[in-house]
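Peer 1: Once you've had a glance at the structure underneath, I'll fire off some questions.
Numbering (the numbering used here), first residue to last: 26 to 152.
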């Protein structure tokens, strides 16, 4: 397990790497208390009106859903949760061991499976 300060730096670097992808608008690591601890909106991006509020609401929803374990034994743990909206795709990836979430907001045309594969590639060594 990484030391907290090393982990935060690494998470920030991984979020920055995701933000270099054209379709990603926001990539952030959120702790179990709902606080953004690394990452954020793409530099120079003008968020949609209410983006930050909507991301917080989505975070509350996914954090509750991610900690639910009733189907883990029969179906396996949650790999990610996704919501496709008219103006954005929102995807969360729970990291159960460290009790954090990666939250991503991307353009509505984003292929969610391709995005999930990219996240796994980037975060494999830190989850």
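Even for Gly, the Cβ is constructed at its ideal location relative to N, Cα and C.
Quick test of your reading: residue 62 and residue 56, contact by CB under 8 Å. State the CB separation rounded to the nearest angstrom.
Peer 2: Contact between residue 62 and residue 56 holds: CB atoms are separated by about 5 Å, below the 8 Å threshold.
Peer 1: Can you find a CB in chain C that lies within less than 8 Å of the CB of residue 129?
Peer 2: The structure shown contains no chain C, having only a single protein chain.
Peer 1: Apply the 10 Å Cβ neighbour rule to residue 117 and answer buried if 16 or more other Cβ atoms are within range, or exposed otherwise.
Peer 2: buried
Peer 1: Which of the three DSSP states is assigned to residue 147 in this structure?
Peer 2: helix
Peer 1: Which residue comes first and which comes last in the beta strand (DSSP E) that contains residue 126?
Peer 2: 125–131
Peer 1: With a threshold of 6 Å on Cβ separation, who are the neighbours of residue 99 within its own chain once the five nearest residues in sequence on each side are excluded?
Peer 2: none
Peer 1: Note down, in chain order, each residue of its chain lying with its Cβ closer than 6 Å to the Cβ of residue 44, except the 5 sequence neighbours on either side.
Peer 2: 52 and 67
Peer 1: How should residue 96 be labelled, buried or exposed, when 16 other C-beta atoms within 10 angstroms of its C-beta is the threshold for buried?
Peer 2: exposed
Peer 1: Name the residue from 31, 141 and 110 whose alpha carbon lies nearest to the alpha carbon of residue 104.
Peer 2: 141
Peer 1: Do residue 85 and residue 59 have their CB atoms nearer than 8 Å?
Peer 2: yes
Peer 1: Starting from the C-beta of residue 47, find all residues in its chain whose C-beta is less than 6 Å away, skip the five residues before and the five after it, and write them out in chain order.
Peer 2: none
Peer 1: Alpha carbon to alpha carbon, how far is residue 148 from residue 110? Give it in angstroms, no decimals.
Peer 2: 25 Å
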